[in-house]
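Each position in the sequence shown, counted from 1, maps to that position plus 97 in the numbering used here.
Idealized CB from N, CA, C, for every residue including glycine.
Notes for the one structure printed next.
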Amino acid sequence: MTPLPPQPISPLDGRYFPIVHRVGEHLSEAGLNRARVRVEVEWLVFLTDHAMFTTSPLSIDQKAALRAVVEDFGQPAIDELARLEATTRHDVKAVEYYVRARLTELGLDSIAELTHFAATSEDINNLSYAITVRDTVADVWLPAFRAVIDQLGEQAVALRAVPMLSHTHGQPATPTTLGKELAVVVYRLERVLAQIEDSEYLGKFSGATGTFSAHLAADPEADWPTLSREFVESLGLTWNPLTTQIESHDWQAELYDRVRHANRILHNLATDIWTYISMGYFTQIPQAGATGSSTMPHKINPIRFENAEANLEISTALFSTLSETLVTSRLQRDLTDSTTQRNIGVAFGHSLLALDNLRRGLGEVLVNETRLAEDLDGNWEVLAEAIQTVIRAEVTAGQSDIEDPYALLKELTRGRRVGRAELVSFVNGLDISDGAKARLTNLTPGTYTGLADELVSQLDA
């Protein structure tokens, strides 16, 4: 058998790449290296701006030329770094040599020894990961997440008054409206969205064991903690003052747990919509040229929601592993986090893929109001709750002396189908006020939705 040419192993880098490729802009080897170059460059600018070791601040043009190394980072840079790492066998050292070469090209050899000055690899890496994760969340994942929330919110409002039989424990239950059920999901997602938007992205820059030892040896008079804080905050990150060699990754665990929570809510949405489709409450819009089954021509499979469900499970499992393992580091440093963090983009990629499928899937379904009405009309026994509750109120108000109304309705309806005529006859025979009888006999499963319609307005509260 002829061997295949090299192929991507992950489906994210194969069939799904067009959907998730923007994650790679940040959370890929190239994206990480670009961020590393940025940190190294900004550290050089920072040190010279503070005239450290008798240096002078770079000119505006020199700063622009140095920062252009980051702005223009592309395939030539990627290739050069790969060649350097093949020799150094160390990714961050390769970045240092790459930046030094750029300094030579720009005539800035005089500050070459400030490249990677007093920094451990983790000083560069932790800041680079914080930058790339932050930018992935802000530029890629959150817009997709918000798009699904907005789409659901619009559908919740549009369907706020469409009555639907509930199914608690999978059994017919007190009716609701389809819009209200979607609004529940929107409310849940918006809470998690706010938490994710408030996430902190921490960074450290304090040397081999977080003690500023090399810094102090080089300049005992400098206020290195203050300088470290200023530098970290200049990158738009929150300074972590107390660390070992590594930044402790607690912010990552917090973020990934929140995204994982969002994934689980979305998973619940996917399985519910799938179930509503199977019940006929939603119909799927046929897509031109699409095939549902290789042998059954009539089928339109709910593949968008099935794809989302599976990818959310993969993403959630990866985020769980990340949040659980990254918070542990043996003594002052071990390298397990180095390998683990290379999968952050994979976790976000699977979540992004799920969001895309949910968005498209929600746009490919229509509400089957006829089927909804049929189910409501076939389950009049759900009004037993209303009847026994009204009787309780009547007894309390002295309008009736009926004993144990719950048992009375249980005997009438439990495990039985009861129609409108039977319920109306039953209500008219009760010892309750005429007003109560009128309210109950005018009630239908389709109108027994309480404040479901109004509750959708809570989304704007």
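Residue i - partner residues in DSSP beta bridges
| i | result |
| --- | --- |
| residue 105 | In the DSSP output, where bridge partners are listed per residue, residue 105 has none listed. |
| residue 275 | DSSP output for residue 275 lists no bridge partner at all. |
| residue 264 | 269 |
| residue 463 | 380 |
Distance, residue j Cα to residue i Cα
| i | j | result |
| --- | --- | --- |
| residue 209 | residue 234 | 34 Å |
| residue 111 | residue 103 | 12 Å |
| residue 487 | residue 273 | 19 Å |
| residue 192 | residue 218 | 10 Å |
| residue 309 | residue 216 | 9 Å |
| residue 146 | residue 125 | 31 Å |
| residue 262 | residue 269 | 7 Å |
| residue 174 | residue 372 | 50 Å |
| residue 108 | residue 382 | 27 Å |
| residue 137 | residue 398 | 51 Å |
| residue 483 | residue 537 | 8 Å |
| residue 438 | residue 356 | 16 Å |
| residue 370 | residue 407 | 14 Å |
| residue 396 | residue 185 | Unreliable positioning characterises residue 396 in this predicted model, as indicated by a pLDDT of 46, which lies under 50. The coordinate reading is nonetheless provided below. Looking at the two C-alpha atoms, the distance is approximately 57 Å. |
| residue 477 | residue 245 | 35 Å |
| residue 322 | residue 227 | 19 Å |
| residue 164 | residue 285 | 42 Å |
| residue 48 | residue 353 | Examination of residue 48 is not possible in this model, given that the chain is present from 98 through 558 alone. |
| residue 220 | residue 276 | 49 Å |
| residue 129 | residue 279 | 38 Å |
| residue 190 | residue 139 | 17 Å |
| residue 330 | residue 377 | 54 Å |
| residue 162 | residue 131 | 16 Å |
| residue 65 | residue 114 | Here the chain covers residues 98 to 558 and nothing more, so residue 65 does not appear. |
| residue 343 | residue 430 | 7 Å |
| residue 449 | residue 117 | 7 Å |
| residue 293 | residue 368 | 24 Å |
| residue 196 | residue 212 | 7 Å |
| residue 393 | residue 433 | The predicted model places residue 393 with a pLDDT of 42, which falls under 50 and marks its position as unreliable, so this point remains unresolved. |
| residue 319 | residue 453 | 51 Å |
| residue 390 | residue 411 | The predicted model places residue 390 with a pLDDT of 47, which falls under 50 and marks its position as unreliable, so this point remains unresolved. |
| residue 576 | residue 500 | Absent from the model: residue 576. The displayed extent of the chain is 98 to 558, so no value can be given. |
| residue 516 | residue 534 | 17 Å |
| residue 405 | residue 362 | 12 Å |
| residue 475 | residue 512 | 14 Å |
| residue 237 | residue 290 | 14 Å |
| residue 333 | residue 222 | 15 Å |
| residue 366 | residue 551 | 22 Å |
| residue 540 | residue 470 | 15 Å |
| residue 178 | residue 167 | 13 Å |
| residue 359 | residue 417 | 12 Å |
From the options, residue whose alpha carbon lies closest to that of residue i
| i | options | result |
| --- | --- | --- |
| residue 159 | 122, 149, 199 | 199 |
| residue 303 | 132, 324, 334 | 324 |
| residue 532 | 259, 496, 547, 270 | 496 |
| residue 250 | 460, 535, 431, 520 | 460 |
| residue 509 | 481, 231, 434, 156 | 481 |
| residue 247 | 406, 283, 212, 226 | 283 |
| residue 556 | 413, 402, 253 | 253 |
| residue 473 | 225, 260, 106, 144 | 260 |
| residue 297 | 329, 367, 287, 335 | 335 |
| residue 340 | 505, 523, 425, 206 | 425 |
| residue 230 | 194, 403, 350, 203 | 350 |
| residue 402 | 462, 554, 106 | 462 |
| residue 455 | 242, 177, 133, 135 | 242 |
| residue 506 | 523, 493, 468, 517 | 523 |
| residue 316 | 436, 511, 151, 360 | 151 |
Status (buried if at least 16 other CB within 10 Å, exposed otherwise) for residue i
| i | result |
| --- | --- |
| residue 503 | exposed |
| residue 187 | exposed |
| residue 548 | exposed |
| residue 364 | buried |
| residue 542 | buried |
| residue 447 | buried |
| residue 225 | buried |
| residue 288 | exposed |
| residue 301 | buried |
| residue 266 | exposed |
| residue 566 | Lying outside 98 to 558, the shown extent of the chain, residue 566 is not represented and no answer is given. |
| residue 314 | exposed |
| residue 485 | buried |
| residue 458 | buried |
| residue 307 | buried |
| residue 442 | buried |
| residue 415 | buried |
Contact test: residue i Cβ vs the ligand ADP heavy atom, cutoff 7 Å
| i | result |
| --- | --- |
| residue 509 | Ligands displayed in this structure: none; no statement on the ligand ADP is therefore possible. |
Handout entry: Entirely enclosed alpha helix (DSSP H) segments - the region 295 to 352, minimum 4 residues
Key = 310 to 315, 321 to 331, all fully within the region 295 to 352.
Exercise for the section: Could you name each continuous alpha helix (DSSP H) segment of 4 residues or more that falls completely within the region 426 to 459, going from the start of the chain to the end? Expected result: Runs of the alpha helix (DSSP H) inside the region 426 to 459: 433 to 438, 441 to 459.
Problem - Runs of alpha helix (DSSP H) wholly within the region 210 to 240 (minimum 4 residues, chain order) - result: Taken in chain order, the whole alpha helix (DSSP H) runs of length 4 or more contained in the region 210 to 240 are 218 to 233.
Exercise for the section: Let me know the alpha helix (DSSP H) ranges lying completely inside the region 157 to 197, each 4 residues or longer, listed in chain order. Expected result: Within the region 157 to 197, the complete alpha helix (DSSP H) runs of at least 4 residues are 157 to 168, 172 to 185.
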